[in-house]
Every structure is written in structure tokens, then in C-alpha cells.
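Enquirer: Sequential numbering of the sequence shown, starting at 482, is according to my numbering.
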Amino acid sequence: MCSAKSKSLAFTGVLLSCLEMIFSANTAPDTPVIDQAYSKLSNSITVEWRAVPGATNYMLTAQDGDSFVETIVKNSPGTVTGLKPATLYRITVRSINSGGKSQPSPFRKVKTVLAAPILSVHSPSCDSIAVSWKAVHMAAGFSVSLVRSDGLGRMLKQNTTNTSLIFTNLDPGTLYTIKAYAWNANGMPGDDFTYNQRTIPCAPVNISIEEDEPGHLLVSWSSVSLGHYYVVFVKSDDGLEVHCNTSHTQCHFQSDCGFTYFISVFAYNKAGQSPSGDVLNYTTAPCCPSDFRAVFISSDTVRVTWAPVRGADLYETRAAGGSSVVFCRDTATACTLSALQCSTPYTITVYSFSEARGCSSSCAPQYVATAPCSPEIKNISKEGLSVISVQWQPNNEEAMYVVTARGEAGLWHCTSTRNSCSLMDLPCGSAFSVSAIARSPAGQSLPSYSIPLETAPCCPNDLILTQVTQSVTNISWSVGRGAQTYVTTLESPKGQAKCHTLQTYCLLGCITCGTNYTVSLRAISETGLTSSCTYQGYSSSACCPSGVKLYRLSNNGIRVFWRVSDETIKYNADLHGSKGNFSCTPSSGLSHCDITKIPCGDVYTVVVAPVTDKGPKLTFCPKKIYSVTCSGSSVGMVFFPPEAGKTHLCLTATFTAA
């Protein structure tokens, strides 16, 4: 049998098992009941309810029409946030545990309170604060209160249906706390809005101005209660304004002569700017016209101009340099100083006069140097192709010399600080006028006397050689700019052919056939300037053969024979008759070729010429006419050989002395 203690332990185990089974069952908790719901803020509603056994969380729901907001809380009370102000909501609560959610509680209708007015606050004067705000939805009125933030003094409160008001008779420079809220038609207040604003300080007084030294103004004033710092504005009568920020009661300003200045002083604190105090003005004495400039009309004349000085009735300009003094006196703000020396330093001073102040005797001088003297070109020489060197006599160590070549082709320049420079890439066949000037920080000299310059003529761009006969070649070329006459030359180890002509073409005779020539041309200007032009080499045609004869072959053919001096040249034989044209070309080294089945009883013109690979067949080799009979063993008889004896004729009439 078990003991009583054993029985008790067994019963306890069974009871715990039963309880575990009960709590493990997933059943939703009971539906809660709302005790009360209310709104203290315009964006939230607070709900209170009795706790539900077994509930671990609660879901609060605020519904406005089709939209709703849900919030999960642990226990009562709970608050739903993110709501719209002045809006009626249906409020329900559900209890939640691991078994699920309960049914929603019976709803309560609660309206959120009005939104707080958003304040815009500023201090328009040292004893007032202005408050304004935008209208609040559903608001019937507004309450605004103001009290010193340090707790001193009494609270000021105003109720209004407007959207702005002003509190007056306040302490300057003092921090105030402003609180405002709206109420609805039932008098229920909404959210409140708090803002801190400080009144601005009062305007400074006892402002004084003095010129403690020339060019400096001292502005001072009395201290302002609760003013943190001060700003002084100084505006001149030409519209320029400057200011000074300081925590002291005085400021220094730069001043200029001949101006009237208007001075205003303001006190500042965190609230902003005080009203303006008294606006004072101060006029300084006329100043010296020191901002003048010198414009060089020429190397010995300078025109001096300057800005007008307020209050000045008369100006005097003095220029001292070397052993002389030049001056002029006028009411105008300009003076022309003439008869000065070029490349000379001068001390120029402009004084101003007024009836009230007299002469501005402390005016500082300006140091000005006159423009350089004109340079003189000493020599112009040719250094190379399209390079011209120009030399001059320098007369100013600080000067930059500029040489200009001016012509119809344009302008060319070169510069140097020494005594020479080179003009580069001058176009051929052009005429120029060359001059030089000197430039320095003081100005520019007059130009030097011009010297004429002519460049050598241009080489023709194109040159064409055409062989007219075996010993005569025609040369033609394009016009070379600036050239008046031309000398053309064909030169080889076997001799030279040359002609000098005014034309753009020339016939050169005594040309040796089958020879390589060097081709050159000289273009000569009217004044004798020469340009040597070299072109690609030229090769004359191979020599025409001699001793041309025809013989009949047994097969009604013809064999053409000739004699040659160079067996490496290839030749071609052409026969032209009324019954047909025939030709043959043997291999290199042979001096005959055969034409088969040539019709007899006809007269043929026979030409044997070298074969060229650069153009058409040569047409100037000798022609022979043969009659081909239809009987006998010989070809026929020669009627005449045209141009016989003329293949090496020298046309010396076209030559001139080089």
C-alpha cells in the first residue's frame, strides 16, 4: 500500500497536468467594456477600460468614416495617436492573447479637441510684441497670454476672435513667454502653443561724429539698456554704404574727402533691431584729384584727366622733369601737357582749389614716364628662305620693339627687347613697307621711317614637259607671283639646254634622246631678285630607229627591218594603208618583226618607234611610204621618206643667253 504522502504527491501531479491542458487551449479572451474616452490633444484620444482575464494586449481602434487608426497597448489607459483635430471618431477596444482577438467593445463617440494656433511673433518696437496666427478649423475664439519668462510682473491675457493682436507697454530687451489656444463653440479649449519672444532694444541716443584724423570718422553714442550689440550704418551721398558691428559704444570708419556721410545707429538683441536713432550727416573737406590718368597723344604730349572733386573750383597741373616745369590751370578736369621730352620720367601733380578750403597742398605726386622715342631702322637683310632680319638703334631699356611688314599680302610682325628681330614666313613675290615702334609701360612711340622690302618671286606651282620631236622639248609652267622673267634649264652629263623668256613656256632644242635630265627654273623679279626652283627629273624618249626596210615573206607576209643603237629598247612597227592597218612588236633585243597575210597592191605608211610605258605612242619618228606589189620577190619600192634627215635638228633660234 502507498503511504498518505505518496498519494498526495500523485494528486498534485494530476492537478498540474490538468491545469497545463487548460491553459494550453487557444481560446480568445472576453470582450472589454470602455469606461470612458476623451481627447486632451488635437491628434489623440485616450481610452480607459476594465482589464479582461487572460488578455495580454489590447487593440484600440478610432474610426472616422471609412478610415481608421489602430493602436496596440498593454493595458488601460491607452491612447490612439495620429488623429485629425476637431474630428468625431468611433472608439472600440479588443482584448488579445495567443488564442486570438475578442469581439470589439461597444463603441464610444469622442471628438478630438481643436488644433493649436501656430504663432508668428515679432517685436515691432522696444515696448511691444505683435502676435499673429492662421485661422484654426472649428475655432470660435482664441486666448493669448503673455508673461515675463523670469516670472517678474503680471500676466497679460487677451481673448479675441481675430487672428492677430499686439501687447504694448512692455519692458525693452526682455524675454517674454507667449501661450495661445483656440476654443470651440462649446467653450472647450484645444491644444496650446508656446513661444518665447524678446522685445527689441530702444534706439541709441547722444550720437556724435568727429573726424579724429583725415580719412577717419569716429561715431559714438550712449549705451542702451539690454542692447547686446550695435550696428552703425554710414552711407555716402554717392550711394555707397558700409556698416560696423560692435558691442562697444563707438565705431571707426574710413572717410573720403569731398563727401557727405549719413550715419544711423541701431541697437540689437535676440529679438532684432531697435528703431533708428537720430540720422546725422557729416561733410569732409575737398580731396586731391589723385585718381588721374595720363594718355599719351604723342611721345612729347600727354593729356592728363581725372575724376571731378566735389567742392573744387579750380585745378592746377604741374609736370616736372629734367630741368623744366610745365603747368596748366583750368576749371576742367583735364589738362594737355605738351613740349615734353620722349623717354623721360616726369613728376605730375594735380592740385584742387576751392573758395572755402583754398589749395589742397598735400596732394601726392604721380610719377609718369613719357613714351619711348621713335626707333631708327639701320639694316634689313635676308637670313634664309622667307626669313628677313631687321636691325635698329635701341633707345629705351624698358621698351619692347615691334617691327611690322605691311603689304597687300597682309601684316607680319616680330618683337624683341634688343636691337633686332626676324620676320618669318614672308610670302614670296610680295612687296612690303617695314617700320618699327617702341612700346613701354609709359606708352607707344611714333613709328620709324618706313623702308621698302621685296621678297623673291614665287616658284611656279606646275611645270609640264612635252617632247615635240626627238630633239625638241616644250616646257610650260604656271605664273610665279612677283616674277617678270624665267630661266629654264635641262641639264645632263651629255649637255645642257636653257632658255630665258618673259613667257610661261619655252622650246628647248638639242635634246638627246634616251637621256635623263635635271629640270630647274629660276624666277626673276623686276628688280633682279631670283628664286631657284628645282622640279622632278625628266627623261627624253628613246631614239627612233634608222634603216627601216620591208621584205616579202613566202606566206604573203612582210618582215620589217631597222637598225638600233640600244638593243634593250623595245620597238613597235605600224603599217597604215587603204586596205587595213597592221602592227607588230618584237621582244627586246630584236630589230625586226613580221606581219603575215598583208594585202598586196596597196601603199603603206610605215613608222617604227620605241614603245613607251608612260603615255601614247611617239608620233615624231620618221615615216616611210612603200608600195607593196603583187608579183616578184621584193616588197615594192619606196616613194619617199618624209622628214628624212631632220631627226636631230637643233632649234637654236629659241635659245637666249642665261
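Every residue gets a Cβ at the ideal spot worked out from N, C-alpha and C, and that includes glycine.
1) Buried or exposed for S914, please, with buried defined as at least 16 other CB atoms from any protein chain shown within 10 angstroms of its CB.
2) Just to confirm, is the Cβ distance from V871 to C909 under 9 Å?
3) For C994 and C1024, which I take to be in contact (beta-carbon distance under 8 Å), what is that distance rounded to the nearest angstrom?
4) Hey, which unbroken runs of the alpha helix (DSSP H) at 4 residues or more fall wholly within the segment 753-805?
5) Hey, could you find the ends of the beta strand (DSSP E) F588 is sitting in?
6) Relative to the C-alpha of K1105, which residue among I1076, H1057 and S1068 is closest?
7) Assuming contact is defined by CB atoms lying nearer than 9 Å, are S1108 and D1083 in contact in what I supplied?
8) Per DSSP, Q965 forms a beta bridge with which residues?
9) Tell me whether F1101 sits in a helix, a strand or coil according to DSSP, three-state version.
10) Sorted by chain position, which residues of the same chain lie with C-beta nearer than 6 Å to S557's C-beta, five sequence neighbours on each side aside?
11) CB-CB under 6 Å to T970, same chain, minus the five flanking residues each way: which ones, in chain order?
12) Run through DSSP, which three-state label would W1043 get?
13) Compute the distance between the beta-carbons of T828 and A801, then report whether it is under 9 Å.
14) So, is V884 buried or exposed, given that buried needs 16 or more other C-beta atoms within 10 angstroms?
15) Identify every residue that forms a DSSP beta bridge with I515.
16) Could you tell me the alpha carbon to alpha carbon distance between R716 and F743, rounded to whole angstroms?
17) Check each candidate in Y998, D652, M881 and V625 and name the one with the smallest Cα separation from I599.
18) Identify the continuous beta strand (DSSP E) that holds T508 and give its terminal residues.
19) Is it the case that the Cβ atoms of I610 and Y570 are separated by a distance below 9 Å?
20) Out of curiosity, what's the CA-to-CA distance linking F808 and N876?
21) If we ignore side chains and look at the alpha-carbon of each, how far apart do T1100 and A1090 end up?
22) Just mark F492 as buried or exposed, buried being the case when its beta carbon has 16 or more other beta carbons within 10 Å.
23) Roughly how many angstroms separate the alpha carbons of R887 and T985, rounded to a whole number?
24) In terms of residues, what are the limits of the beta strand (DSSP E) holding P826?
25) Can you look up R635 in the DSSP assignment and give me helix, strand or coil?
26) In the DSSP output, what is G559 paired with across the bridge?
27) If S921 and A964 are in contact, beta carbons under 8 Å, what's the gap, nearest whole angstrom?
28) Run through DSSP, which three-state label would I1079 get?
29) In angstroms, rounded to a whole number, what distance separates the CA positions of D672 and P685?
30) Give every residue of the same chain whose Cβ lies closer than 8 Å to the Cβ of S579, excluding the five residues on either side of it in the sequence, and list them in chain order.
31) Touch check for the segment 700-716 and the segment 726-741: three-plus C-beta pairs under 8 Å?
32) Kindly list the residues whose CB is nearer than 6 Å to the CB of T814, restricted to its own chain and excluding five residues on each side of it in sequence; keep chain order.
33) So which of T1110, Y930 and E935 has the shortest CA-CA distance to L904?
34) Within a Cβ cutoff of 7 Å, which residues of the same chain sit near S772, ignoring the five residues on either side of it in sequence?
35) Please classify K859: does DSSP put it in a helix, a strand, or coil?
36) If you measure between the beta carbons of I681 and G654, is that distance less than 9 Å?
Expert: Result, derived from the coordinates:
1) Counting Cβ neighbours within 10 Å, S914 comes out exposed, since fewer than 16 surround it.
2) It is not a contact, given that the beta carbons lie outside the stated cut-off.
3) 4 Å
4) Within the segment 753-805, not a single complete alpha helix (DSSP H) segment reaches 4 residues in length.
5) Per DSSP, F588 lies in no beta strand (DSSP E) segment and is marked neither H nor E.
6) Of I1076, H1057 and S1068, the smallest CA-CA separation from K1105 is found for H1057.
7) yes
8) None; Q965 has no bridge partner.
9) coil
10) E529 and W530
11) K979 and S1001
12) strand
13) yes
14) buried
15) W530
16) Correcting the residue type first, residue 716 is Lys in the shown sequence and not Arg. Answer to the nearest angstrom: the Cα atoms are 5 Å apart.
17) V625
18) No beta strand (DSSP E) contains T508, which DSSP labels as neither H nor E.
19) no
20) Between F808 and N876, the C-alpha separation is close to 27 Å.
21) 8 Å
22) Low confidence applies here, because F492 scores a pLDDT of 49, under 50, leaving its location unreliable; read the following figure in that light. The residue in question, F492, is exposed, as its Cβ has fewer than 16 Cβ neighbours within 10 Å.
23) 29 Å
24) P826 to S835
25) Here DSSP, grouped into helix, strand and coil, assigns R635 to coil.
26) V528
27) Taking 8 Å as the upper bound for CB-CB distance, S921 and A964 are not in contact here, some 42 Å apart.
28) coil
29) 41 Å
30) Hits under 8 Å: N507 and T537.
31) yes
32) So the qualifying residues of the chain are W787 and P789.
33) E935
34) In the sequence as displayed, the identity of residue 772 is Asp instead of Ser. If we look at D772 and ignore the five residues flanking it on each side, its Cβ neighbours are W787 and A788.
35) strand
36) yes
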